[in-house]
Every structure is written in structure tokens, then in C-alpha cells.
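First the structure, in the form of C-alpha cells, and then the observations on it.
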């Protein structure tokens with residue numbers, strides 16, 4: 001047997017996984033803006049290290065993240081339920097179940113916003129390329145991925161949060 | 001603007017994407033065993049380079065791949081339709097919509113088999129870590145990912161196909 005896969009599940013019902021306990025890694029006042037967003041961490045359950053997969057639920061009015069773009073990591077989303085709006089630097093796109101979108105490193109800043117009165121659910125995938133950073137064109141925030149795998153947050157003038 | 005994202009779609013309906021024209025990268029007689037498998041390549045549409053995402057459809061009797069495991073790349077699947085069976089070196093698991101599974105590099109060899117009389121549809125995600133290889137415990141086959149990003153296939157005694 002390789003690794004400790006005896007302890008890993010063969011498969012899981014994604015919606016039955018407990019939500020992540022920490023609502024957001026952002027510092028305040030940004031973390032509060034993530035109210036109504038709930039993430040179920042799926043890829044880690046199986047011991048995946050190269051990329052993460054979450055099942056993410058946006059209550060009415062919630063958003064996926066601040067408008068942002070990664071410097072080295074790619075992202076992908078696939079809509080399972082609801083009708084969130086994809087907002088990027090170049091415009092808005094109405095999404096619905098069965099639609100998907102991808103956000104290459106260094107591409108357009110983007111996020112999803114649920115402007116409807118029903119829940120939106122989607123899969124989000126992001127790789128874990130080292131040395132990543134994120135910039136937030138609408139907010140006084142920049143992020144760098146530390147060697148410990150944790151995000152460090154800074155004001156745009158370089159002061160840490 | 002970064003890269004050439006003016007040409008990239010903001011979002012697509014996954015099922016409306018044209019299927020990949022090449023049914024399988026395997027040499028014969030293995031490629032013929034992939035009959036009934038159809039892949040729609042999604043991640044590449046958005047310029048993603050670090051990982052691939054496909055919408056894959058298995059007709060009744062079809063399978064996802066030969067039983068295999070990767071040496072460096074992780075894989076993840078999420079079932080959208082149907083009830084394929086996950087077959088790994090340690091046993092079988094019945095899958096259904098909303099279930100997911102992950103396959104870490106160096107973990108259990110695995111594949112999906114559609115033993116039902118209805119179509120199965122799932123998302124499959126795999127990263128593109130360089131230097132990957134795949135081994136196939138049930139077949140006289142080994143694969144190495146070339147520097148050009150193409151798979152090279154060998155007999156277990158090292159002779160190329």
C-alpha cells in the first residue's frame with residue numbers, strides 16, 4: 001500500500017461533507033464580506049496535494065471572494081445549482097447549472113456574486129503552485145502565499161494586515 | 001490586458017462543447033477498449049495550464065480509462081449523471097450524482113466502469129505536474145509523460161508501443 005490510503009475514503013457524497021470551520025482567510029473588514037459563503041473541502045479528503053477542490057455554497061447576496069486574480073495559480077468553476085453572476089474586469093455573465101468558467105493565472109480579476117434569492121452551489125478548483133500571489137483591484141489588499149501554505153495579507157502600500 | 005483573454009470565453013455551457021476528436025491516446029489494443037467514452041475538454045478553453053478539466057460521458061459498458069495510477073499527478077472526479085462503479089485495487093464503490101472521489105499520485109490504481117444501461121457523466125480534473133508516469137497493473141502497459149506533454153507508451157519489459 002502506498003501512503004496511508006487505508007484511512008482515505010473511496011468516495012464521498014459531497015454535500016454531506018462538513019463545511020470548513022474558518023469562514024475566510026481574509027483579514028477584516030474583508031472577511032465579514034464573505035458572510036453567506038460556505039465551503040466543503042473535497043480534494044483534501046482524498047489526500048490530494050497538487051490542487052484543491054471545494055463544493056461552495058453562496059446564500060442569496062453572498063459572493064465567492066473579493067474581486068481578485070492569482071499570479072501563478074489557475075482556477076476553474078462549474079455551476080451545480082442556482083444562477084450566480086460572474087463579474088470580471090471586462091463585464092458580467094449570467095451563469096446557470098452546467099456552465100463553467102476558468103481563470104488563468106495573470107488573467108482577468110473575477111468573482112461570483114449571488115444576486116438571486118436562491119442558493120447557488122458550484123465546484124471550485126485551484127492548483128497549489130508555489131510562490132503565488134493575489135491582487136485585488138477593488139480593495140486595499142494584496143496577498144502572498146507563504147512557504148507554509150498560508151496566505152499573508154498586505155495593504156497596497158506594503159503594510160501587513 | 002494580460003495574455004490574449006479577449007479571445008477567451010467568459011463562460012461556456014459544458015455539455016455544448018464539442019467532444020475531443022481523438023478518442024484515446026492509448027496504443028492498440030487498449031484504445032479500442034475506450035469505445036463509448038467521450039471527453040469534452042473544458043479547462044483548456046479558458047487558457048488554463050496547470051490542470052485539466054474534462055466533462056466525460058460513459059455510454060453503457062464504457063470505462064473511464066484502463067485501471068491505472070499516476071506517479072506525480074493527482075486526479076479528482078465528481079459525478080453529474082448516472083451510476084458508474086469505481087473500481088480500485090482495494091474494491092468497488094457504487095457512485096451516484098453528487099458523489100466524488102480523488103486519486104492521489106502514487107495511490108491506489110483505479111478506474112470507473114459504467115455497468116448500467118444509462119449514460120454516466122462526470123467531471124474529471126488532473127494536474128499537469130511534469131515528469132509524470134502511469135502504471136497499469138492489469139495490462140502490459142506503462143506510460144511516461146514526455147517533455148512535449150505527450151504520453152509515451154511502453155510494454156512492461158520496456159519495449160515501446
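Chains as they are written, first to last, in the UniProt record's numbering: chain D, 1 to 161; chain U, 1 to 161. For every residue, glycine included, the Cβ atom is placed at its ideal position computed from N, Cα and C. Being a predicted model, the structure only gives us computed values, none of them experimental.
**Study point:** CA nearest to the CA of residue 84 (chain D), picked from D:119, D:75, D:139
**Key:** In the first chain, the residue the question calls residue 84 (chain D) occupies position 84. The residue with the shortest Cα to Cα distance from residue 84 (chain D) is D:119.
Check your understanding: Going by the beta-carbon positions, is the gap between residue 37 (chain U) and residue 58 (chain U) smaller than 8 Å?
Key -> Translated into positions along the second chain, residue 37 (chain U) becomes position 37. Translated into positions along the second chain, residue 58 (chain U) becomes position 58. Yes, these two residues count as a Cβ contact at 8 Å.
Exercise for review: Might you give, ordered along the chain, the residues of its own chain that have their beta carbon closer than 7 Å to the beta carbon of residue 105 (chain D), omitting 5 neighbours on each side?
Suggested key: As a working mapping, residue 105 (chain D) is identified with position 105 in the first chain. So the list reads 70, 71, 72, 73, 74, once near-sequence residues are dropped.
Practice item. Whole angstroms is fine: what's the gap from residue 23 (chain D)'s alpha carbon to residue 31 (chain D)'s? Key: The count along the first chain starts at 1 and reaches residue 23 (chain D) at position 23. The count along the first chain starts at 1 and reaches residue 31 (chain D) at position 31. Answer to the nearest angstrom: the Cα atoms are 8 Å apart.
Exercise for review: Express the C-alpha separation of residue 133 (chain D) and residue 148 (chain D) in angstroms, rounding to a whole number.
Suggested key: Stepping through the first chain from its first residue, residue 148 (chain D) is reached at position 148. Stepping through the first chain from its first residue, residue 133 (chain D) is reached at position 133. For residue 148 (chain D) and residue 133 (chain D), the distance between alpha carbons rounds to 14 Å.
Point to revise | C-beta contact flag for residue 101 (chain D) and residue 11 (chain U) at 8 Å | key: Numbered from its first residue, the first chain carries residue 101 (chain D) at position 101. Numbered from its first residue, the second chain carries residue 11 (chain U) at position 11. Taking 8 Å as the Cβ cut-off, residue 101 (chain D) and residue 11 (chain U) qualify as a contacting pair.
Exercise for review: Could you tell me how far apart the beta carbons of residue 95 (chain U) and residue 108 (chain U) are, in whole angstroms, since I believe they sit closer than 8 Å?
Suggested key: In the second chain, the residue the question calls residue 95 (chain U) occupies position 95. In the second chain, the residue the question calls residue 108 (chain U) occupies position 108. Not confirmed; about 15 Å, so no contact.
Point to revise | Residue environment, residue 39 (chain D), which counts as buried when at least 16 other CB atoms sit within 10 Å | key: Numbered from its first residue, the first chain carries residue 39 (chain D) at position 39. Buried is the call here.
Exercise for review: State the DSSP-derived secondary structure class of residue 7 (chain U), mapped to helix, strand or coil.
Suggested key: Taking the first residue of the second chain as position 1, residue 7 (chain U) is located at position 7. In this structure, residue 7 (chain U) counts as helix in the three-state DSSP scheme.
Exercise for review: Scan the stretch 41-57 of chain D for residues whose Cβ lies nearer than 9 Å to a Cβ of chain U and list them as they occur along the chain.
Suggested key: 42, 43, 44, 45, 46, 47, 48, 49, 50, 51, 53, 55
Review point. What residues in the stretch 123-141 of chain U have a beta carbon less than 8 Å from any beta carbon of chain D?
Key: 123, 125, 127, 129
Point to revise | Under 8 Å by beta carbon: chain U residues contacting residue 109 (chain D) | key: Numbered from its first residue, the first chain carries residue 109 (chain D) at position 109. In chain order: nothing, as chain U lies at least about 10 Å away.
Exercise for review: Quick one: which residues of the stretch 7-21 of chain D get their C-beta closer than 7 Å to a C-beta of chain U? List them in chain order.
Suggested key: 10, 11, 12, 13, 14, 15
**Study point:** Chain-order list of residues whose beta-carbon lies under 8 Å from that of residue 9 (chain D) (same chain, five-residue window excluded)
**Key:** In the first chain, counting from the first residue as 1, residue 9 (chain D) sits at position 9. 45, 46, listed in sequence order.
Point to revise | Partners in chain U for residue 84 (chain D), counting only beta-carbon separations shorter than 8 Å | key: Numbered from its first residue, the first chain carries residue 84 (chain D) at position 84. What residue 84 (chain D) touches in chain U: nothing, since even the nearest Cβ is about 11 Å away.
Check your understanding: Checking contacts by CB at 8 Å: is residue 67 (chain D) closer than that to chain U?
Key -> Mapped onto the first chain, residue 67 (chain D) falls at position 67. Taking Cβ atoms only, chain U never reaches closer than 8 Å to residue 67 (chain D), which makes this a no.
Review point. Residues bridged to residue 37 (chain U) by DSSP?
Key: One-based indexing of the second chain puts residue 37 (chain U) at position 37. Answer is U:58.
Check your understanding: What distance in whole Å lies between the Cβ atoms of residue 53 (chain D) and residue 125 (chain D), which are believed to be in contact at a cut-off of 8 Å?
Key -> Here residue 125 (chain D) is taken as the residue at index 125 of the first chain, counted from 1. Here residue 53 (chain D) is taken as the residue at index 53 of the first chain, counted from 1. Residue 125 (chain D) to residue 53 (chain D), Cβ: 5 Å. Contact.
Check your understanding: Relative to the ligand FMN, is the shortest distance from any of its heavy atoms to the C-beta of residue 83 (chain D) smaller than 7 Å?
Key -> The model depicted lacks the ligand FMN and carries no ligand whatsoever.
Practice item. Note down, in chain order, each residue of its chain lying with its Cβ closer than 6 Å to the Cβ of residue 157 (chain U), except the 5 sequence neighbours on either side. Key: The residue given as residue 157 (chain U) occupies position 157 in the second chain. Result list for residue 157 (chain U): empty, nothing under 6 Å.
Check your understanding: Name the chain U residues that come within less than 9 Å of residue 73 (chain D), Cβ to Cβ?
Key -> Counted from its first residue, the first chain places residue 73 (chain D) at position 73. Near residue 73 (chain D) (Cβ distances below 9 Å), the residues of chain U are 50.
Review point. Given that a residue counts as buried once 16 or more other Cβ atoms are within 10 Å of its Cβ, and exposed if not, what is residue 128 (chain D)?
Key: For the purposes of this step, residue 128 (chain D) is taken as the residue at position 128 of the first chain. It is buried - the Cβ of residue 128 (chain D) has at least 16 other Cβ atoms within 10 Å.
Check your understanding: Would residue 155 (chain D) be called buried (16 or more neighbouring beta carbons within 10 Å of its own) or exposed?
Key -> Walking along the first chain from the start, residue 155 (chain D) turns up at place 155. Looking at its Cβ environment, which holds fewer than 16 other Cβ atoms inside 10 Å, residue 155 (chain D) is exposed.
Practice item. Taking residue 174 (chain D) and residue 76 (chain U) to be in contact with their CB atoms under 8 Å, please state how far apart those CB atoms are, rounded to whole angstroms. Key: Coverage of chain D is limited to positions 1 through 161, which leaves residue 174 (chain D) absent and any answer about it impossible.
Point to revise | First and last residue of the uninterrupted beta strand (DSSP E) at residue 164 (chain U) | key: Any question about residue 164 (chain U) goes unanswered here, given that chain U covers just 1 to 161.
Practice item. Going by DSSP, name the residue or residues bridged to residue 101 (chain U). Key: As a position in the second chain, residue 101 (chain U) is number 101, starting the count at 1. DSSP lists U:77 as partners of residue 101 (chain U).
Point to revise | Host beta strand (DSSP E) of residue 28 (chain U) (start-end) | key: The residue given as residue 28 (chain U) occupies position 28 in the second chain. Unbroken run through residue 28 (chain U): none, as it is neither H nor E.
Check your understanding: Can you name, in chain order, every residue of its own chain whose Cβ lies under 7 Å from the Cβ of residue 1 (chain D), other than the five neighbours on each side?
Key -> Here residue 1 (chain D) corresponds to residue number 1 of the first chain, with the count starting at 1. Model confidence at residue 1 (chain D) stands at a pLDDT of 43, short of 50, so the residue's coordinates are unreliable; what they give is reported in the following sentence. Within the same chain, residue 1 (chain D) has no close Cβ partners at all.
**Study point:** chain D contact for residue 31 (chain U) (CB, 8 Å cutoff)
**Key:** For this step, residue 31 (chain U) is matched to residue 31 along the second chain. So no, residue 31 (chain U) is outside the interface.
Check your understanding: chain U beta carbons: is any one of them nearer than 8 Å to that of residue 143 (chain D)?
Key -> The residue you call residue 143 (chain D) lines up with position 143 of the first chain. No - not a single Cβ of chain U is within 8 Å of the one on residue 143 (chain D).
Check your understanding: Hey, quick one: how far does the beta strand (DSSP E) through residue 87 (chain D) stretch, first residue to last?
Key -> Taking the first chain and counting its residues from 1, one reaches residue 87 (chain D) at position 87. First-last of the beta strand (DSSP E) with residue 87 (chain D): 85-88.
Exercise for review: Please go through the same chain and pick out, in chain order, the residues whose beta-carbon is closer than 6 Å to the beta-carbon of residue 41 (chain D), but skip the five residues on each side of it.
Suggested key: Within the first chain, residue 41 (chain D) is the residue found at index 41, counting from 1. The residues are 20, 54.
**Study point:** Cα-Cα separation between residue 142 (chain D) and residue 27 (chain D), rounded to whole angstroms
**Key:** Position 142 of the first chain holds residue 142 (chain D). Position 27 of the first chain holds residue 27 (chain D). The straight-line gap from Cα to Cα measures roughly 11 Å.
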